[in-house]
Amino acid sequence: MMFWAGAFTLFELARYDSSVAMGNQNLICLPHLAQLGIGGIENGVITEPYGCTVIAVLHLIFSGVLGAGGILHSTRYDGDLGNYPEGSRPKKFDFEWDDPDKLTFILGHHLIFLGLANIQFVEWAQYHGIWDTALGATRTVSYNLDLGMIWNHQADFLQINSLEDVMGGHAFLAFFQIIGGAFHIITKQFGEYTEFKGKGLLSAEAVLSYSLAGVGYCALVAAFWSSTNTTVYSTEFFGDVLQLKFDFAPYFVDTDASLATGAHTARAWLANVHFYLGFFFIQGHLWHALRAMGFDFRRVGKAFDNMENAKITNG
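Converting from the sequence shown to the numbering used here requires adding 23 to each position, the first position being numbered 1.
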């Protein structure tokens with residue numbers, strides 16, 4: 024993923040045309056960098072591509088580091104963490120799928136890293152600045168940690184129109200995730216682990232189904248948010264808002280009449296790809312959740328075969 028991000032950013036830089044609106048150039052990575060205030064943006068145009076180049080190259084370098092780390096761990100270290108000495112750091116992360124205490128311990132670390140990523144985003148906006156489409160320039164943004172605002176935006180967050188509110192939501196998430204991460208790390212299962220609490224249900228397939236559900240939900244939210252919100256997804260970089268239509272399946276269409284036939288804005292690509300990926304992730308969640316619960320999909324094929332055989336026999 025990091026290699027793709029770095030390589031594709033360089034590819035987009037090579038074909039970027041400053042005389043054409045960024046949102047109409049079928050770009051994905053550059054609009055996101057521009058939204059973060061990277062590239063010396065003036066009137067929606069990248070004037071200093073050096074910053075984008077540095078970020079792309081760093082992604083390529085770090086992708087190599089991660090790849091080398093993967094090779095190192097797969098060739099030089101024991102693949103079974105249970106073989107490490109008691110008290111060692113690798114041993115702490117050894118687990119069985121039906122071990123809720125270890126799973127929640129690992130979940131806690133994930134939550135803390137997500138919280139730190141939110142803090143990084145909030146601090147970037149506060150000290151470097153991000154693009155403000157209402158102002159038409161990059162500006163610093165301080166977070167609005169109004170809990171009433173955050174609570175009220177649970178239902179209408181797609182219509183949010185204040186960067187301060189966006190940063191406030193991320194600051195709240197950072198606090199919530201870090202506290203939640205610490206809670207999951209230091210706590211253990213309360214009482215006996217029974218079937219009522221899920222004993223016998225946790226498995227690799229069950230955890231995969233939960234992950235697919237979470238990613239699918241986020242993808243669907245991102246699809247609807249990116250299709251209409253111009254505060255986070257500025258028209259300068261992503262094009263005009265989209266219209267939701269229904270045919271064989273729901274899809275988002277461009278509303279910019281000046282687009283050439285067959286051309287699409289970055290917003291259209293972003294929203295539709297997120298929507299369909301989210302849809303299929305949810306289907307994957309249902310598939311793996313049913314398998315984790317013991318459902319054998321081969322029985323469906325056998326049932327249809329039996330129905331066909333019954334028709335032939337009766338005929």
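Even for Gly, the Cβ is constructed at its ideal location relative to N, Cα and C.
Rounded Cβ spacing between residue i and residue j (contact assumed at less than 8 Å)
i: Leu235; j: Phe298; result: With a Cβ gap of about 16 Å, Leu235 and Phe298 do not count as contacting.
i: Leu168; j: Gly204; result: Contact doesn't hold; Cβ gap of about 19 Å is too wide.
i: Ser232; j: Ala312; result: 4 Å
i: Ala28; j: His82; result: 5 Å
i: Gly67; j: Glu259; result: 3 Å
i: Asn184; j: Thr98; result: Not really, about 52 Å apart at Cβ, beyond 8 Å.
Minimum C-alpha distance to residue i - residue among the options
i: Gln200; options: Met316, Ala315, Phe180 and Ile135; result: Ile135
i: Gly60; options: Pro273, Ser41, Gly301 and Trp147; result: Trp147
i: Thr76; options: Leu33, Ser86 and Met45; result: Leu33
i: Val230; options: Met172, Trp120, Leu196 and Phe180; result: Trp120
i: Thr251; options: Gln177, Leu282, Phe269 and Asn295; result: Asn295
i: Thr302; options: Ser42, Gly239 and Gly67; result: At residue 302 the sequence reads Phe, which differs from the Thr that was named. Out of Ser42, Gly239 and Gly67, Gly239 has the C-alpha closest to the C-alpha of Phe302.
i: Gly129; options: Gly138, Leu139 and Phe118; result: The sequence given here places Ile at residue 129; Gly does not occur at that position. The shortest C-alpha separation from Ile129 is found at Phe118.
i: Phe9; options: Trp154, Ala44, His176 and Leu53; result: Here the chain has residues from 24 to 338 only, and residue 9 is not among them.
i: His151; options: Thr163, Leu158 and Gly159; result: Thr163
i: Glu218; options: Asp122, Asp155, Gly92 and Ser42; result: Asp122
i: Ala246; options: Gln177, Asp270 and Leu181; result: Leu181
i: Met172; options: Thr161, Ile153, Leu158 and His193; result: His193
i: Gln149; options: Lys268, Asn47, Tyr166 and Ile78; result: Tyr166
i: Val43; options: Phe318, Leu282, Asn329 and Asp319; result: Leu282
i: Ala79; options: Asn175, Ala37, Met45 and Gly317; result: Ala37
i: Trp174; options: Ala157, Pro273 and Phe195; result: Phe195
i: Leu126; options: Leu300, Ala280, Arg322 and Gly221; result: Gly221
i: Ala280; options: Gly214, Tyr39, Asn47 and Asp40; result: Asn47
i: Gly317; options: Tyr73, Gly223 and Tyr216; result: Gly223
i: Pro273; options: Gly285, Leu300 and Tyr100; result: Leu300
Coil, strand or helix - residue i by DSSP
i: Phe26; result: helix
i: Ile173; result: helix
i: Leu33; result: helix
i: Asp155; result: strand
i: Asp277; result: strand
i: Gln266; result: strand
i: Val296; result: helix
i: Thr161; result: strand
i: Val255; result: coil
i: Ile64; result: strand
i: Ile183; result: coil
i: Ile78; result: helix
i: Ile51; result: coil
With 16 other Cβ atoms within 10 Å as the buried cut-off, status of residue i
i: Gln266; result: exposed
i: Gln143; result: exposed
i: Leu293; result: buried
i: Glu65; result: exposed
i: Ser249; result: buried
i: Gln58; result: buried
i: Ile84; result: exposed
i: Leu56; result: buried
i: His308; result: buried
i: Val323; result: exposed
i: Met330; result: exposed
Same chain only: Cβ atoms within 8 Å of residue i, ignoring 5 sequence neighbours per side
i: Ala291; result: Gly262, Leu265, Phe275, Val276 and Asp277
i: His287; result: Asn49 and Asp277
i: Leu89; result: Met25
i: Ile305; result: Leu235, Ala236, Gly239, Tyr240 and Leu243
i: Asp155; result: Thr161, Arg162, Val164 and Leu186
i: Ile153; result: Gln58, Leu59, Gly60, Trp147, Thr161, Arg162, Val164 and Leu186
i: Tyr216; result: Pro123 and Lys222
Beta-carbon proximity list for residue i, same chain, < 7 Å, skipping 5 on both sides
i: Asp124; result: Lys211 and Gln212
i: Lys114; result: Leu104, Tyr107 and Pro108
i: Ala197; result: Gly138, Asn141, Ile142 and Val145
i: His133; result: none
i: Phe116; result: Leu104 and Ile129
Close beta carbons around residue i, own chain, < 6 Å, minus the five adjacent residues each side
i: Trp50; result: Note that residue 50 corresponds to Leu in the displayed sequence, not to Trp. Within the same chain, Leu50 has close Cβ partners Glu35 and Ala289.
i: Gly63; result: Thr70 and Glu71
i: Gly131; result: Gly204, His207 and Ile208
i: Glu228; result: His311, Arg314 and Ala315
i: Ser86; result: Met25 and Phe26
i: Leu225; result: Trp120 and Asp121
i: Ser41; result: Val68
i: Gly74; result: Ile61 and Gly62
Chain C contact for residue i (CB, 8 Å cutoff)
i: Phe271; result: Note that chain C does not occur in the displayed structure, where there is just one protein chain.
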